[in-house]
Amino acid sequence: MQRFPSQDLQRNSGVLQEAALREPVVITHHGRDRLVLMSFQEYERLKQRDRQDGAFEHRLAEVASLDHLPGGNPGEGAPSPQEWPGKRG
C-alpha cells in the first residue's frame, strides 16, 4: 500500500486519486498513518462484505442462543446409539 504525506492532498491530488483507483493509499500526518483513500468501488465492496459478515455473525448468534433450550445441545435428550430401536445389546 502506498503512503503519501497529507501535504500531497493539496499539491498532488491527481496523483493520489490515480493511485487510489488502483489500490487504497494511506495518507500520513507527521509521519503517522491517518487516513485511507480508496476508490468508491472498493469502499462499496468492503461495505457489502461487512454486511455479509454481520449477517453471518447474527445467524451464528441465533443458533448459539438455541443452546439454552431443552434439546438445544446436540444429543441432549436423544437416545444413545445403544438405545436405538432394533439395536441388540
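Sequential numbering from -5 applies to the sequence shown in the numbering used here. Just so you know, even glycine gets a beta-carbon here, dropped at the ideal spot from N, CA and C.
Euclidean distance between Cα positions of residue i and residue j
i	j	result
L3	Q35	20 Å
R53	Q46	11 Å
P18	N6	16 Å
A58	R43	22 Å
L40	E56	24 Å
Same chain, Cβ closer than 6 Å to residue i, five either side skipped, listed in chain order
i	result
R(-3)	V20 and T22
Among the options, the one whose alpha carbon lies nearest that of residue i
i	options	result
E25	R5, S0 and L10	It should be noted that the sequence gives Gly, not Glu, for residue 25. If we check each option's Cα against that of G25, S0 comes out closest.
Y37	A55, R16 and E56	R16
Sub-7 Å separation of residue i and residue j beta-carbons
i	j	result
A14	M(-5)	no
Identity of the residues DSSP links to residue i by a beta bridge
i	result
D27	T22
Other residues of its chain near residue i: CB distance less than 8 Å, five sequence neighbours each side excluded
i	result
L10	F(-2), D2, L3, V19, I21 and L31
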